[in-house]
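Here the protein sequences line up with chains D and V, keeping their order.
Residue numbering for the first sequence is 1 to 542, as defined by my numbering.
Residue numbering for the second sequence is 1001 to 1992, as defined by my numbering.
Even glycine gets a Cβ: it sits at the ideal position worked out from N, Cα and C.
What you are looking at is a predicted structure, and each value in this text was computed from that prediction instead of being measured.
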Amino acid sequence: MKSRTIKHLFIIGIAVISLASCAKRLDLYPVNDLTPATAFSTPEGYRGVLAKIYGGLSSTGNQGPAGASDIQGLDEGSQSPFIRGFFNHQELPTDEAVVSWNDQTIQNFHNFRWTSSDPFILGMYARPIYNITVINEYLREAADAKLAERGITGSDATAIKTSVAEVRFLRAFNYWVMMDLFGKSTFITEENLIGTELPGQIERAELFNYIEQELKAIETELAAPRSSEYGRVDQGSAWALLARIYLNAGVYTGTPKYTEAITYAKKVIDAGYTLSANYEELFMADNHKHSNEIIFPITNDGLRTQSFGNTTFFIHAASGDDHGEYGVVGGGGWSGYRATSALGLKFEDRTGATDKRALFTTSKFGTSDAQMQIPDVTVFANGLHVRKYRNIRSDGGPVSDVNREFSDIDFPVFRLPEMYLIYAEAVLRGGSGGDAGLALEYMNRIRFRAYGNSYGPGDVGRLTSGDLNLQLVLDERARELYWEGHRRTDLVRYDQLTTSTYLWPWKGGVSSGTAVDPKYKLYPIPSANLSANPNLTQNQGY
Amino acid sequence: MPIKKLLQALILPALLFCCFSSFAQNKTITGKITDTQGVGLSNATVSLKNSTIGTTTATDGTFSLSVPADATTLVISSVGFAPQEIDITSITNIAVTLSTNTATMDEVVVVAYGTRRKGDLTGAVTSITPDDFQKGQIASSEQLLVGKVAGLQITNGGGSAGGGSKIRIRGGASLNASNDPLIVVDGVPVESNGISGSGNLLSTINPNDIESMSVLKDASATALYGSRASNGVIIITTKKGSRGKVKFNFNTQFSMGEVPEFVDVLTGDEIRQLINEDAAATGNNTYKNLLGTANTNWQEAIYQKAYGTDNNISASGSIGMVPFRASVGYSDQDGVLKTNNFKRTTGALNLNPKFFNDHLSVNVALKLSQTRHRWANEGAVGNAVTFDPTKPIYESNKYGGYYEWLQTGSNNLPIDLSNRNPLALLELRDNTSRVNRFIGNVQLDYKLHFFPDLHVLLNVGVDDANGKGDDKIDSVAATNYRTRGRFSHYAQVKENTLVDVSLFYDKNLPTLNSKIDFLVGHSYQEFVTKVYNYAQYGRDRLVIPTSIPNFAWDKPEYRLESYFGRANINIDQKYLLTATLRRDASSKFSPENRVGYFPSLAFAWRLKEELFKTSRAVTDLKLRLGWGVTGQQDGIGYYSYLPRYTLSSPAAQYQFGNNFYNFIRPEGYDPSIKWETTTTQNIGLDFAFIQNRISGAVDVYQKKTEDLLSEVPVAPGANFVNKIVTNVGNIENKGIEISLNTVPVRNENFNWELGFNFTYNETEITNLLKNEDPDFRGIPVSGISGGTGNTIGIFAIGYAPYTFDVFKQVYDPATGRPIEGLYEDINRDGQIDEADRYFYKKPAPDFLLGASTQINYKDFSLGAAGHGMFGNYQYNNYFSNNGVIRAVKNPINFIGNASRNYLESGMENNQYLTDYYIENASFFRIDNINLGYNVGKIFRDAASMRITASVQNVAVFTKYKGLDPEISSDQGIDNNIYPRPRTYAIGFNLDF
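Now the structure itself:
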């Protein structure tokens, strides 16, 4: 009898256990991560995603300085960051930069030998498109209907609507990067949903029109220049980007738009921006104090925005044993980037005694003709050592990172002098609505500040109307804007990047410089992307 | 929760156990069981027929068993031998010789969800028992199988005490999902993904407790494990109690290991000569001024003689009606790298009583272990070969008195990118961990009273592991001078639960001369991980700001619900048919893709019965045909089908105004992700000739994996990631396995066995793209050390995974030396660029070879075992990094050491991507040589003793120029491996 009872208990036990297990659900959700519904349930959630959209230009992932990378399968420090990638693509193939390292294909930039399988180019294509993908998601989630559905109203809703104009600016800016570097681009807007279809491609000229339309559409929705909190874009940024694309419209579309360039440069100039007194402070740890001149900065902070690919890259990569002068203790100098003598020769005085923009002298390296020579690109000691970015505060205070490894320097995307230079060049190139006298004055404002708020001994710095010509503007751009990511675009516009008109040391991998295939005016569409998306086509020559 | 379930399951048998007792008049039978050579057989089972009374024999084959006075028949059996029945009606002392003639066919082999006579097997299964295990000081269970099974590759990660191994059955079937086989311990699929604080979860199982290991290779053998079976299954079965008097076994082993060989580097004098000559030639004294006067052998400084002990005591027999086996083990092993230590304490208890006239069989298996590690900072291995030998080990400074490279000037800070004092790396870091693990399960097998052909089976099991550790870097350590040391703590808990319920029906159909059995079941498994996150602390216990975690803990989990069924049909002892089907539903996939079906079919034809029934030469011959589909879902994220947003860490914020805001980032996801599926076909032939003097098996297989879980480039803008693990691509494995066991000599005093196994495997990626692309080269993989982001391998269509992708080196015909930086223009376009890289060799071996031999002469035994790999190539990352003058004259202004390879290649700068550094790493290793002696009875016959001595890692035969040709990375990148020690061990085994 006992055994029968036990037997029954036993069978019941089995039945209970199996039923219990069947009832368990297989729908499991992560504990800490958010779902789309929870992420956007509050205004704070929107601001977090907005921070990501801006932060996509300064950070490489969700962990600082590295880790949880936005871009997979590439080196997070060197290939997926925006600032470092943009710098490599805009400066390394020019007279302004060479690198001593052997990291994968990095030498191909200065040598003009890059191919469509280049990992740095793959990262550069991925970064702006990634930023745009997140922007589109934000735009979908910030639609009026979604806000209403989530009960977000009043000032919260207004703030989110303003942010919509900002992210549309950032989308236009990211597309500008694509247009400038690659010509044609993967093209996605908020209409393209995630994981459902392969994105299409847009040609360079059409992309120009799209960027132009977008910027004009949001012009009125953005905050007035210099009226929003630090770090946020406003009308000044939109006008500055319009001025920049109009100046290069001939390259992008075949149809120059110098008149429009003059119009929009002037809009920025008249919006109340002023030059700061001291050039070198614009690139120091507390350069956020210069929002009078810096129109749109990508903000960095040594403690809270850590990355090996934002301005932290400049202070380490440009320094060696002399890294103390760059404000670097932790991490030391990486002994990598210098400029060629061609940049040095643009300055009448390379010591910085008269033209204060010549930030080249350090305790280890001088600026003599011999010092500037580069017998061997891979030897860091060879070349002109650039000490433009320094993680030191102009007020002598402590920087954020007590270890002095990560940089506080904000990266200036647009500065007022660029607008002066655009104005002058567009006037010289025949744009209408401008004034040659004003162009000269703008140029001289730049020179006046450069020579220490004077024109130097005997007014050597002052330009006269006879001096003003296109080559001078180009050279002035080099002196004023070197290492800020303009040089390749400028050399393309002047058709000096690939031709023999202008040669610099090791251009094309030859010590004295050589002309290269004009295909190198554009970067190739990475072959991995062509495999993944048959809608994309390769640039000519690759 | 799982513990509670287990306790509930335990109460029932415990209650039952109290109700029983037995009393009768007895007689005692004694005797000795020997094999055909007269050698006593240990651990043979002696039991009274049709009863629960029984015992096992001692080491020398003797036994003593108390039976009821009216008992008539004893059954004598032993693994690998034919059982015999002995009439004991009128005798009390017996001598039995068991023969191996047909025995292997009757051997019971553990298979998926059950056991099977070897002769009835239809799938490719190899079972290895302790006699065939690797001998010597074995720290981790998987090491018992090294070189023993055709198609199985086991490579430990190096010589680290308590370190892990790479296990591959028939090559890998996957690219980015896991290639590790499923491990099942006593019916519980166990955690194989590891846990914080453990180098190897298999080391928590005491090798001494293992009775057998079954390696399931083809799909017809594994398909019952469905979605987790694509990479094969290893079933570990632990020793059980046997009926009879309680017997004890004690064994102890002492070992000493040492580094057999150092990496060949330059000496202090050679560095001085080199730099002085260079200074004289160039007039540049930068490096000359940095020279020291010492002649330090840094490798000698960091290695030590590693002592170890391993002690185990076990008791088995029965208490009342409950057969049991209990064991306790303790092992303490130093590593050859200073500070490395591994300690393990294990306890195991198996109870296997039967109730209700054997209608209910209960099997309780409990295994408890604690492992304690002290991890050596393995960075010391690389630093010892690169650190300047002209420098002394110690120097008066603020970095603990260890010599360090300091920045020029007066700040006395270490050079950030220089290497570090190797000994300081070891001695100034205290990194310890502790892992507790409990694997327990209760299996009930209830034969219905009213329908005895039907069994109800229940298996409830848990696998709980709990790991934690502290990593302390001393405040004076140069490595962490910025935060003045670092303290970090970590903890992780894994709780896996299993509930299987099944019905088993077993019927003899004498009229049809057939036998059938069916199994249907339901299985539910839960895998829960708890990760605790802690901030790290630096100087004076101040928190390191960037280390503050966003979340104090995380709890990823996944669940698997399955139904399975199997049918076996045996017709006339000639035709064997097995069909299985499993349906798995996994929480890792969306509801639409959650369910997968995994069928298999196998047929075996016993040719012996059909064609050679009367042949004396042919002992056995069986042909097997198998086909099956298995799946794979390990190694991918738990939530990868869900759209998710994650919060950034404190060091990833953006500034708006004066405030900083954490990012909220959308994550990439693949809503349609699902299993990868592998279809396997297998043809096998099992053979045995001349009374098993020659036996073995040949298997030919083909595995085709579809919907590979591959990490592939995503079209930019199509998702929030540019690479995603998704189902794309195909991979194919083909191979041949041969195992051959021979007995060249067999006579009364002398027995010689010789075994070989041989594997040929070929793996090829057959597709990787969703869209056709004729220009697709492949996906770069295999990141190397040196430069940033350099990769040396590729996943390319038509090639083996991780095929090397390199430049073709051009050599100087006069000197034979590589011409630095000069490569062949493969595409003949006049320039050397990325397009000139070519596919050259691969890291996976073509052939595996295992060999072992055992000689028994009277009471002596001598054995040796070895294994080898052929056709495997390796990238010598140590040479490419250090075989250059730049390694000595480091551009960051310190002196390093170079590999002697520099003297051969003469390279100035690192040329990472040349095929010069791809070397043939084929090798054959003699794993061990062991000697044993049966002392026989000691302590007035109270005990018997055996003494063993062994040498492990005896010798390696290879052309490979690096330190060790055997590395565990799939990528084939050799970079500063923790050297495998040569270990000498002596052991004593006592039965009483």
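Exposure label - residue i; buried when at least 16 CB within 10 Å
i: Leu-74(D); result: buried
i: Ile-1690(V); result: exposed
i: His-1373(V); result: buried
i: Ile-1794(V); result: buried
i: Lys-161(D); result: exposed
i: Phe-323(D); result: Note on residue identity: the sequence assigns His, not Phe, to residue 323(D). Flag for His-323(D) reads buried.
i: Lys-1027(V); result: exposed
i: His-1449(V); result: exposed
i: Pro-1666(V); result: buried
i: Leu-1509(V); result: exposed
i: Asn-1741(V); result: buried
i: Gly-383(D); result: buried
Three-state class that DSSP yields for residue i in the structure shown
i: Asn-535(D); result: coil
i: Asp-1278(V); result: helix
i: Asp-1209(V); result: helix
i: Ser-1220(V); result: helix
i: Ala-528(D); result: helix
i: Ser-21(D); result: Because Ser-21(D) carries a pLDDT of 49, less than 50, the predicted location of this residue cannot be relied on, and the following value inherits that uncertainty. Three-state DSSP puts Ser-21(D) in a helix.
i: Phe-1776(V); result: coil
i: Met-1256(V); result: strand
i: Lys-1703(V); result: strand
i: Gln-90(D); result: helix
i: Thr-351(D); result: coil
i: Leu-171(D); result: Sequence inspection shows Arg at residue 171(D); the Leu mentioned does not correspond to that position. Here Arg-171(D) sits in helix by DSSP.
i: Met-284(D); result: strand
i: Gly-250(D); result: helix
i: Asp-1836(V); result: helix
Where residue i meets chain D, residues with beta-carbon distance less than 9 Å
i: Tyr-1303(V); result: Chain D residues near Tyr-1303(V): none, gap ~30 Å exceeds 9 Å.
Proximal chain V residues relative to residue i, where beta-carbon distance stays under 9 Å
i: Val-134(D); result: Arg-1665, Pro-1666 and Phe-1720
i: Pro-81(D); result: Simply none; closest approach about 12 Å.
i: Ala-143(D); result: Under the 9 Å cutoff, chain V gives no residues; its nearest Cβ is about 16 Å from Ala-143(D).
Interface residues of chain D facing residue i [CB-CB closer than 7 Å]
i: Pro-1545(V); result: Leu-303
i: Gly-1187(V); result: Near Gly-1187(V) there are no residues of chain D at all, since even the closest Cβ is about 16 Å away, more than 7 Å.
Proximal residues of chain D, C-beta to C-beta of residue i below 8 Å
i: Thr-1788(V); result: Asp-75, Gly-77, Ser-78, Trp-101, Asp-103 and Gln-104
i: Gly-1863(V); result: Those do not exist, as Gly-1863(V) stays about 47 Å from chain D at its closest Cβ, beyond 8 Å.
Proximity test, residue i beta-carbon vs the ligand HEM heavy atom, cut-off 6 Å
i: Glu-1191(V); result: The ligand HEM is absent from the structure shown, which contains no ligands of any kind.
Where residue i meets chain V, residues with beta-carbon distance less than 8 Å
i: Arg-113(D); result: Gln-1831 and Asp-1833
i: Gln-306(D); result: Thr-1546, Ala-1651 and Ala-1652
(message) By the 8 Å beta-carbon criterion, what residues does the region 212-243 of chain D contribute toward chain V?
(response) Cβ contacts with chain V come from Glu-229, Tyr-230, Gly-231 and Arg-232.
(message) Closer than 7 Å between beta carbons: that is the criterion. Which residues of the region 1828-1841 of chain V meet it against chain D?
(response) Of all residues in the region 1828-1841 of chain V, the ones placed with a Cβ closer than 7 Å to any Cβ belonging to chain D are Gln-1831, Asp-1833, Glu-1834 and Ala-1835, in chain order.
(message) Please list, in chain order, the residues of the region 1890-1906 of chain V that have any C-beta partner in chain D closer than 9 Å.
(response) So the close ones are Pro-1891, Ile-1892 and Asn-1893.
(message) By the 8 Å beta-carbon criterion, what residues does the region 1580-1591 of chain V contribute toward chain D?
(response) When C-beta distances to chain D are compared with 8 Å, the residues of the region 1580-1591 of chain V below that value are Ala-1585, Ser-1586, Ser-1587 and Pro-1591, in chain order.
(request) Compile a chain-ordered list of the residues in the region 1805-1827 of chain V whose CB is closer than 9 Å to at least one CB of chain D. (result) Those residues of the region 1805-1827 of chain V that come within reach of chain D (Cβ to Cβ, closer than 9 Å) do not exist; the list is empty.
(request) Closer than 7 Å, Cβ to Cβ, to anything on chain V: give me those residues from the region 376-397 of chain D, in chain order. (result) Listed by position along the chain: Thr-378 and Phe-380.
(message) Please give me, in chain order, every unbroken run of the beta strand (DSSP E) with length at least 3 that falls completely inside the region 1336-1370 of chain V.
(response) Listed in chain order, the complete beta strand (DSSP E) runs (minimum 3 residues) inside the region 1336-1370 of chain V are 1341-1351.
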